[in-house]
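Chemist: I'd like to ask you about the structure that follows.
Protein chains in written order, with our numbering: chain A, 2 to 369; chain B, 2 to 369; chain C, 2 to 369; chain D, 2 to 369.
Structure below.
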């Protein structure tokens, strides 16, 4: 197994994008993006892991995007992504039979792209809570033709350093059928749209029994994995802290991302979803630290020994080498890592300003 | 709604391929393909719907494929498909790290293709019960590279009228991960392999909540749907009669196939799986008749009215038009259809030679 | 198969309860229960199938429940059920470790029971969107003890003609674990609570692969099925019209309810959920008519012939008899049924006051 | 967190039962139970964790059960359980409509009980691969009545120190419906059968999204959890090594068993399933060691601190305390534990006689 010092440089690449939506504390949901970016900066100061944020429209609409961009720069962070939110009906309809509805939906997506450009970000995430309610309501095939046409119009407007990230919307209680139900649909459309269109996966989207890590490996192989949304469970939607349930899956996913080179800058954009259960900085800090823990374990896999075992057909030996990294307790090492970088020992407490929020630091408790 | 006479010519295109494996009555599994083809012919005589059969290796290995081909022709049927069975370990390994294992697996697939050519069929189905048992056992990405290499070698040997049909193997109790877990993987590989490589779906392979009919529509749109295996339930594996459980899904799938032109000759090869629960001709006859019933309903959809309702945004009206076809009882009409063609009133009884097997004919019972 | 006239008296028993929540048209959600009951009455006038409504607190809180009761009586309907809604945090906590939180949650449920008594209803539905967010957050076993204690306090207050209906909440994106995840938990608690506590199922709650109809049959056998919430799909939550997707499952469920005597007055309370996708009377009318269609089919099962086939081991014969009822087109007969009772030919149009809403009546369209 | 020495006495209670079926190496499946018990003894010698075995009929039928019992005693192990295998059709039918078929199935179960008595075991596991193939084939409710009647006849014959363990069979590709699909059915029947009937869970049986650990906690609370079959994944059936995929779920399940007192002698019988993927001693040793690792972690939960955090409403604090135990690397400690007991450092190598089988011992590799 590599020594922890050997993996430190690779771990330094780790960067997790936070959504502005994560920082809406009040039930009204009316919190301005300036405050949200300040929260992202607070998490970044406390963890060293979150230099970028994702905004979404219409929630984060501002009169002066330039001012928001400068605000972010002053705080030492930036906006990497704009998500085209389609929760409101007037923003849906990229595949609608009525051309006026399609135009309205495209205009929303164009505005998102405008914001992305003005704010200096590079990824436009298209995530469509869209489809049909009833069998027969619309022609399934024609919808795909219209969808691709709309996406092509959007792709057309990208600058050379921007990407269109198409993310699946697996199932929806209000929909009989969603337009982009799986990674296969994303891949087919992104392949047709060309180089700047990439797939955005998340842990919740997969065929039953098929490990998400297989899809990650496949899309990296195809050069089409642009982003990965980290969710706590293999469900289509979830509001919890990442890694709460099956942390071994998170480990396997991050191992494939590392294996495929996706952890390097310009690779796979790792992003958190909001965590309504623990809103604000505390929930995000804890999710980010879990991602760091699992990335550290993934980097600890003894690649050389693993490769040798795999090639020689030593099935159980290879499995053992792989799992040994997962079972290693990296928390004391990460505490040192933070100390060396002048990061707070208890990032959640530091970010939130509440001493108890970070729960006292795990390594200390272990000695008790 | 179209009159039944209007849909009769389209219904005449319906053809369902039967697997030789369906006719293995004895527990030993040692029944020769000559007898299986005679059973297929018996079902075809009784239903007019099953002119072709699918063989598989190693089960259907014969010394003289030409004799088998002539035997089929004498019976008025032919072999359309050879399935590369990978139930035995020595036939697996197209993605294996050891080149000798890969070669052995390829040789098995080459033998299947040889049989396909000798028997005069056109579709080679690759259906891989293959993958890894343990996380870390093999490199997921390298496996896909090796798999594509193996498939390319196979595709290279196809003649101009042959197709390689890649079918997903979603999950497996003995496998941590399967190599071809979903339609997205099939599509990515078939797109890379070029024109003669197509996807073989079946009802059991889909993301949770995503209707299979969406995938059918998408693959037809992409020109990559080669075959559809009709299964009774949305499970990865099943041994029952088709349509036993959710016949409305079968209706929606067949509607998309009809909508996409896949029901025409050279389109989507509809195929049954064996039905171990009711082996032999009776189970196959009943499955085939259910497919015919649901195809008739799909053809009865009033396409013109549906199109108008869809375009005008009459959501519930469109749904109603669609479902009206599903709720129409086509059984009396199909009884007439059989009578006009000189087909037996009770196909299961006729095919099996047992008067009771067909259960008396539905329309007659309804009058009781 | 029985003649339609034979099943008409049984069909007359059919009664489906509508939720007041179904009739909240405005996005504010602020519509008063008086107006909702008027809508229920409108659906009942148009279909003859919905004489009762379900209210829920806090939404349907009124100053003078007596006035609401008289209002309902004037309209020819009544309130059968009050649902204890736990969407707001202050209404959750029947199992909470803090006794003050538990008391607050119990008080909410007591208020619901008070309303039930004042309004003259008989079923109190407990449906808990409750549980824990994180593994370890609370003691799973102690939660069940506290929950039963809370339910016992509620059950204690029931009058002799009231029932406590415990309904499962399978999964929740915001919860790691729900307190009443399945019918087994409901049954265990209701068995402990005694005679007046019964289980409320719905189509969305079941183990993977286990048909809901099996659970219906089991709970009827155990004398513990109190209510059945009809949902369109086998998902935990759904917003669509009933029967949209798999109508054959609905048929099988209703067959078991009929088989177990649950369709008789005082048996299983059939209830719809709101249908946000088609809010208001139109969505409810269409769902109710689908339930009537499927009940008619369930009643058409030739029970005598089925019994004989089952006993004689004629497996496929029994299946055929069962499915013949499902495949019968009962729509023309139900149109006659409505005509004979002086009910409108197009109930959705009649209930909504919009001629087009009912989509023209299926039998008429069929002739076109 | 408790010190390792504090949990050592509790860990000493851990005992995992091995199935004789796990040791069938040859494809013929004809290996005699004498050899299988020798393998169980070999695993026990190497791990100190597997003093008992489970036999099943008809596979383990022997002329002289007394001789087998003495053979086991000589080897230092014993038989705890007999599983009534229903893979062969002539052993199914406890719920069949034909009384002759029911009698034949009961006779099989009676023979299993006879073997249990003669061999000196205490648990009879009823695990029914039984149900119906087609909707309508049999009366679902009557089947349950017949099933309970059959189980009651079996329960009647139990001696005072024997238990009937009813285990669910969730889904089956060959069945439309299984007779004992979930824990709710098991519980309802065991409650009716009285004190000596208990539920046998396994990791693969649960409602979607409902954590298995909730069911474990509930059944322990109800005094009805008799056994737990440890499987590697939340699937209905699986052939892999335990803990391969989601080891955190295994940790949570074992925590509930410990919490509910089920780890003490006479509590919950922990049992492995065969692991066809790695047959023989190696697969079993590795599964057993994973169970030990996760039990050690479950025992390391700081119960006092957890209780305090839970009671004070410190949600994230409680979660942290819980997960700290899971994230602790117990492998070095367990290596010491083995050394102190004179157990081999590499149990898999010791049990199999092949030095490489145990993969070199994890702690040693970590230093590399």
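Note that the Cβ used here is the ideal one computed from N, Cα and C, for glycine as well. Computed from a predicted model, the values in this text were never measured in an experiment.
#1: Drop a sphere of 10 angstroms on the beta-carbon of residue 156/B, count the other beta-carbons inside from all chains shown, and report buried for 16 or more, exposed for fewer.
#2: In chain B, what lies closer than 9 Å to residue 324/A by C-beta?
#3: Cβ of residue 82/D within 8 Å of Cβ of residue 346/D?
#4: Tell whether a beta-carbon distance below 8 Å holds between residue 326/D and residue 298/D.
#5: Decide if the segment 83-92 of chain B is in contact with the segment 298-313 of chain B; the criterion is three or more beta carbon pairs, one per stretch, under 8 Å apart.
#6: When DSSP labels each residue in this structure, what does residue 6/C get in the three-state scheme?
#7: Which residues in chain A sit within 9 Å of residue 279/D, going by Cβ to Cβ distance?
#8: Would the segment 59-67 of chain D count as touching the segment 96-107 of chain D if we require 3 or more Cβ pairs under 8 Å?
#9: Since residue 353/A and residue 295/A should fall inside the 8 Å C-beta cutoff, what is the C-beta to C-beta distance between them, to a whole number of angstroms?
#10: So, helix, strand or coil for residue 235/B, using DSSP?
#11: To which residues of the same chain is residue 15/C closer than 8 Å at the C-beta, ignoring the five residues directly before and after it?
#12: The alpha helix (DSSP H) that contains residue 294/B, what's its start and end?
#13: When DSSP labels each residue in this structure, what does residue 13/B get in the three-state scheme?
#14: Of the residues 40/B, 134/B, 172/B, which one's Cα is nearest the Cα of residue 77/B?
#15: Return the chain-ordered list of same chain residues with a C-beta closer than 6 Å to the C-beta of residue 129/A, the five sequence neighbours on each side being excluded.
#16: Pair every Cβ in the segment 180-194 of chain A with every Cβ in the segment 187-205 of chain B, then say whether three or more of these pairs are closer than 8 Å.
#17: List the residues of chain D whose Cβ lies closer than 7 Å to the Cβ of residue 261/C, in chain order.
#18: Any beta carbon from chain A within less than 8 Å of residue 427/B's own beta carbon?
#19: Would residue 58/B and residue 147/B qualify as a contact pair, given that the criterion is a beta-carbon distance under 8 Å?
#20: Identify the contact partners of residue 99/B in chain A, using a Cβ-Cβ distance below 7 Å as the criterion.
#21: Secondary structure at residue 133/A, three-state DSSP: helix, strand or coil?
#22: I want to verify the contact list: residues of chain D whose CB lies under 7 Å from the CB of residue 307/C, in sequence order.
#23: Between residue 237/D and residue 275/D, what straight-line distance do the alpha-carbon atoms span, to the nearest angstrom?
#24: DSSP three-state label for residue 149/A, please.
#25: DSSP three-state call for residue 81/A: helix, strand or coil?
#26: In terms of alpha-carbon separation, which member of 11/B, 3/B, 48/B lies closest to residue 420/B?
#27: Where does the unbroken beta strand (DSSP E) through residue 201/C begin, and where does it stop?
#28: Could you pull the start and end residues of the beta strand (DSSP E) that residue 53/A belongs to?
#29: To the nearest angstrom, report how far apart residue 260/A and residue 33/B are at their CA atoms.
#30: Quick one: is residue 359/A buried, meaning 16 or more other Cβ sit within 10 Å of its Cβ, or exposed?
#31: Is DSSP giving residue 168/C helix, strand or coil here?
#32: Can you tell me whether residue 367/C is helix, strand or coil according to DSSP?
#33: Strictly by DSSP, which residues pair up with residue 272/A?
#34: Please identify the residue among 218/C, 134/C, 334/C whose C-alpha is closest to the C-alpha of residue 172/C.
#35: Would you say residue 48/D faces chain A, with C-beta separation under 8 Å as the test?
#36: Run down chain A in chain order and give the residues with a C-beta less than 8 Å from the C-beta of residue 285/B.
Modeler: Considering the structure as presented:
#1: buried
#2: 135, 136, 137
#3: no
#4: yes
#5: no
#6: helix
#7: 316, 317
#8: no
#9: With a Cβ gap of about 23 Å, residue 353/A and residue 295/A do not count as contacting.
#10: Model confidence at residue 235/B stands at a pLDDT of 45, short of 50, so the residue's coordinates are unreliable; what they give is reported in the following sentence. Residue 235/B falls in the coil class under three-state DSSP.
#11: 50, 264, 271, 292, 293, 296
#12: 282-300
#13: coil
#14: 40/B
#15: 87, 170, 180, 181
#16: yes
#17: 142
#18: The structure shown does not extend to residue 427/B, since chain B spans only 2 to 369, so no value can be given for it.
#19: no
#20: 314
#21: strand
#22: 137
#23: Confidence in residue 237/D is poor, its pLDDT being 41 and thus under 50, which makes the residue's placement unreliable; the coordinate value appears in the next sentence. Computed Cα separation, rounded: 14 Å.
#24: helix
#25: strand
#26: Shown here, chain B extends from 2 to 369; a query on residue 420/B therefore has no answer.
#27: 198-203
#28: 53-58
#29: 48 Å
#30: For residue 359/A, the pLDDT reaches just 43, beneath the cut-off of 50, and the residue's location in the model is therefore unreliable, leaving the point undetermined.
#31: strand
#32: Unreliable positioning characterises residue 367/C in this predicted model, as indicated by a pLDDT of 25, which lies under 50. The coordinate reading is nonetheless provided below. The answer is helix: DSSP assigns residue 367/C an H, G or I state.
#33: 18/A, 230/A
#34: 134/C
#35: no
#36: Result: empty, since nearest Cβ-Cβ is about 28 Å, beyond 8 Å.
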